[in-house]
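J.: The sequence shown runs 71 to 192 under the numbering used here. Glycine included, each C-beta is placed from N, C-alpha and C at the ideal position. A quick note: this is a predicted structure, and the numbers were derived from the prediction, not measured.
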Amino acid sequence: MRSPSSSIGGRVRYAPLDLRPDDTFSGFLVGRGLFWTLTEKGFLSILPQRNALGYNIGYNSGGPHALGAYLTQVAGTDGRNTAAGASYEQAHPVILAWAQSSAADRGANELTLHDLKTMQRG
71 MRSPSSSIGG RVRYAPLDLR PDDTFSGFLV GRGLFWTLTE KGFLSILPQR NALGYNIGYN
131 SGGPHALGAY LTQVAGTDGR NTAAGASYEQ AHPVILAWAQ SSAADRGANE LTLHDLKTMQ
191 RG
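1. Quick check: GLY155 and ARG102, are their CB atoms within less than 8 angstroms of each other?
2. Our contact map puts ILE165 next to LEU141 with C-beta atoms below 8 angstroms; I'd like the distance itself, whole angstroms only.
3. Let me make sure I understand the geometry here. Which of ALA167, ASN151 and LEU117 has the alpha-carbon closest to that of GLY138?
4. Checking 8 angstroms against the spacing of the C-beta atoms, do GLN190 and GLY149 come in under that value?
5. Could you give the distance in angstroms between the alpha-carbon of PHE95 and the alpha-carbon of ASN151?
Here it is, written out as structure tokens:
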């Protein structure tokens, strides 16, 4: 399934709502406002996203909260629950602080599943 993620040039762009059933989240990549996931099998995919729950980084708003909640969810399930739509309240404070930081908004960033789990441990 896919969810409309944005409209560019009059065309609606779609993001997946989940990874393939046999894929496991291995890492997260962001660069120039594009959000990607790397699977254990080495595939690169657009980060799953629900309509109206867009991701963003570098400031305090809904976008970083949505991203923080999603990354918290996948870290807490060992990369298995990759469905989009985690509630904002689920965002781990350290992961959320990273998503809101200006450091997250510089250049390209990559976080592995191990990195996210380490962030959760504090």
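T.: From the atom records:
1. no
2. Yes, ILE165 and LEU141 are in contact; Cβ-Cβ is about 5 angstroms, under 8 angstroms.
3. If you compare the alpha carbons of ALA167, ASN151 and LEU117 with that of GLY138, the shortest gap goes to ALA167.
4. no
5. 8 angstroms
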